[in-house]
Amino acid sequence: MMMMHPSEVHPDSAMFAAFASDVDVDLERQQEPVALAADKPRRLFTHGTALIALGVALLVTTGIVLTVVFTTKPAATDLPEGQVSSSADVHQHQYDIQTTPALRPATVDAFVKGRHGAAITTAGNSIIVRGPDAFADAQAIAIEAMAAGSVDVVQIVDSSTGAVVFSICHDANDPRCAAAQPAGMTCREGFTGNGCDECAPGHFGPQCVPCPSCNGNGVCSDGKQGDGRCLCAVGFAGATCDECAPGFAGPHCDTCQPGRFGADCSQQCTCGANGICDEGVRGTGRCTCVNDHITGDRCDRCKTGWEGPDCMLQTGKKGLQWFDWCGERRIASITFDGVPTRGILDELSQAGLRSTFFIRPASSSDPPAPDTCTLVQRLIAEGHSLQMGGHHGIGLGSLDAERIDQELRDGEDWVQACTGRSIYDLRVNQIRVVGDLDNGRARYIADKGYVIASYNVDAARSVPVGTQFANLPPGSSALVRFNVPSYEIGQATALAAEIRSQHYGLVTSQTCYKRCTGGSGYCKSPLADSGVFQS
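With the numbering used here applied, the sequence shown covers 6 to 540.
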């Protein structure tokens, strides 16, 4: 079905003025839609074309929306745009034009006046048209009759068969026109509806153009009144819903960024360094203190008798601080030895993971290079934990006290130069030691304010980390180590998925250590060798 818009027809103003003077026009009827239909194919009029064009122009100019249904022979020429169906020839020599209600005689006279392409007579309510182009002239008169605004329906009847071959209705839903709609009618791409005047799903605007892709993460504002914008689902943003909305993270944008909670991930956790926030889309933001020696709604105070940054030291005492797991808790910590690469940080960001990096500054650059510092600053900004791996990455177990002091100072100075912040401001208080470390040196390092961090799951072993995790005793926590130089992108994401599938929580190494209870300052896995615990 073809909708003819005023922009598509440009009638001659003088011809229209002459016509308007001969007919009575009901202005209110001009605002109603008009439907035309024909149930037999025909070759369109030849010399009557100008009259049909004028009639259509009159309808459009007077404000009538013209809905035309044509059926044509496949071999016909000069076909109108619109829907095509096939039937038999309608080129007969006589047609009767009938109107409901009947036209006034003066109006009928106006329609037949000055026409010479066919023999036109009147008989009561009918206008009879004869001649080789009778059908074209009949169509022109039918359109003019409807434009006059005084009738509801105009029909053209084949005098030889009595069949209605063409209909025009003010009401597009009038059954007298709907019945004449040809079978098999199809709409242009993007359009739908009985009158092909609605946008098909996924199309928008007056021209029903295709909507942009919303990548399966939203729906298009479609329809004639739509603007084609993607209305993104919760968690997604961007013109085509291909980005995570602010506060959301993960490959499917269905989790909150670290430190956020609520259905829209808009609320920020306020727990202190010793509190674990109930975060995520179903989180409450409530703080759970990492051990029994901490108190306060934000877990920011030590209970009486305890001190230290994590309230793990009894007041007035100093002892060994070392850990290789997080205690008998269903939590795990993923850590890396070395300065991260961009690829690693990108992966962790997309997966919504927070990890700990035990950097070895001199192995990257000494003094720090701008690119290296950019990565270190990024890991801090994205909520990862920065800790020390020894400045040169050498075994502290073979050094005397003076060289241990120098190794620690060099690392601290490198961090200050790279970030502009002190290790105390950044809460850098853990060190991962290369090689063996005896009890005496471990206590000496603890006196310098460092906790010695080890691990119980190591990617450097021949057994895959996922298998190592699965083989831990029931209820055991996991402290996982990846080495940056040998790391393969995707390993941490895969391991995190396995950990979460076992209903484990993921934490940083600082939180892992704080969750070790007892106040002794160390947390030793049952599977650990004697190591620093030797007498």
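All residues carry an ideal CB built from backbone N, CA and C; glycine is no exception.
Quick caveat, the model's predicted, so the values are computed rather than measured.
Could you round the C-beta distance between residue i and residue j to whole angstroms and report it? I think they count as a contact, below 8 Å.
i: N134; j: I125; result: One point to set straight first is that residue 134 is Val, not Asn, in the sequence displayed. V134 to I125, Cβ: 5 Å. Contact.
i: V158; j: D179; result: 7 Å
i: I409; j: R446; result: 7 Å
i: V456; j: Q326; result: 4 Å
i: T424; j: V381; result: 6 Å
i: F363; j: P345; result: Rounded, the Cβ-Cβ distance is 11 Å, inconsistent with contact.
i: V485; j: T340; result: 6 Å
i: A464; j: F487; result: 5 Å
i: F3; j: C213; result: Since the displayed the chain opens at 6 and closes at 540, residue 3 lies outside it and no answer follows.
i: Q392; j: S491; result: Their Cβ separation, rounded to whole angstroms, is 19 Å, which puts Q392 and S491 out of contact at 8 Å.
i: C261; j: G285; result: 5 Å
i: C237; j: G223; result: 4 Å
i: T105; j: V170; result: Contact flag wrong, Cβ pair sits at about 17 Å.
i: S459; j: F328; result: 7 Å
With residue i as the anchor, note down where its beta strand (DSSP E) starts and where it stops.
i: Q99; result: Q99 to T105
i: V170; result: V169 to C174
i: L236; result: C235 to C237
i: T275; result: Where T275 is concerned, there is no enclosing beta strand (DSSP E), given that its DSSP letter is neither H nor E.
Kindly indicate which residue of the options has the alpha-carbon position closest to the one of residue i.
i: S482; options: K519, E407, E333 and D452; result: E333
i: F209; options: C219, K229, E194 and G223; result: K229
i: D101; options: F363, P110, Q144 and K118; result: Q144
i: C304; options: N279, D315, F362 and W327; result: N279
i: A152; options: P137, G233 and H175; result: H175
i: I336; options: A451, A128, Y527 and P479; result: P479
i: A568; options: F140, G343 and S354; result: Shown here, the chain extends from 6 to 540; a query on residue 568 therefore has no answer.
i: S530; options: D430, V117 and C331; result: C331
i: G277; options: R365, N296 and N476; result: N296
i: L108; options: D227, S131 and Q99; result: S131
i: P314; options: V169, Y518 and S155; result: Y518
i: F266; options: T289, P256, C249 and A250; result: T289
i: F196; options: C521, R181 and D227; result: D227
i: P110; options: C192, Q99, D430 and T127; result: T127
i: Q473; options: G510, L532, G416 and Y429; result: L532
i: Q99; options: V113, S164 and A150; result: S164
i: G394; options: L413, G264 and A250; result: L413
i: S338; options: S427, S390, L442 and F140; result: S390
i: G255; options: Q103, S354, D138 and I504; result: S354
i: C235; options: G207, P211 and F253; result: G207
Hey, could you find the ends of the alpha helix (DSSP H) residue i is sitting in?
i: D430; result: Unbroken run through D430: none, as it is neither H nor E.
i: N444; result: N444 to D452
Would you verify that the beta carbon of residue i is, or is not, closer than 8 Å to some beta carbon of chain D?
i: T105; result: The chain inventory of the structure shown lacks chain D, comprising one protein chain alone.
Of all the beta strand (DSSP E) runs that stay within the bounds of the stretch 455-528, which reach a length of 3 or more residues?
Note on the stretch 455-528: whole beta strand (DSSP E) runs with a minimum of 3 residues are 456-458, 483-488 and 510-512, in chain order.
Just to confirm the assignment: which complete beta strand (DSSP E) runs, minimum length 3, are found wholly within the stretch 280-359?
At a cut-off of 3 residues, the continuous stretches assigned as beta strand (DSSP E) that sit fully inside the stretch 280-359 are 280-282, 292-294 and 336-342.
When the Cβ atoms of the stretch 350-364 are set against those of the stretch 494-502, are three or more pairs found closer than 8 Å?
Yes, since at least three Cβ pairs between the stretch 350-364 and the stretch 494-502 fall closer than 8 Å, the two stretches touch.
Could you tell me whether the stretch 214-221 touches the stretch 239-248, using the rule of 3 or more Cβ pairs below 8 Å?
Cβ pair count under 8 Å is three or more, so yes.
Of all the alpha helix (DSSP H) runs that stay within the bounds of the stretch 109-167, which reach a length of 4 or more residues?
DSSP runs (the alpha helix (DSSP H)) wholly in the stretch 109-167: 110-117 and 139-152.
Is the stretch 305-314 in contact with the stretch 435-449, if contact means three or more CB pairs nearer than 8 Å?
Note that the stretch 305-314 does not touch the stretch 435-449; fewer than 3 beta-carbon pairs, one per stretch, sit closer than 8 Å.
Please confirm if the stretch 341-350 is in contact with the stretch 400-419, defined as three or more CB-CB distances below 8 Å between the two stretches.
The stretch 341-350 is not in contact with the stretch 400-419.
Counting only runs of 3+ residues fully inside the stretch 376-429, write out the beta strand (DSSP E) ranges in chain order.
Within the stretch 376-429, the complete beta strand (DSSP E) segments of 3 residues or longer fall at 390-393, listed in chain order.
Let me know the beta strand (DSSP E) ranges lying completely inside the stretch 203-266, each 3 residues or longer, listed in chain order.
For the stretch 203-266, whole beta strand (DSSP E) runs of length 3 or above, ordered along the chain, are 223-225 and 235-237.
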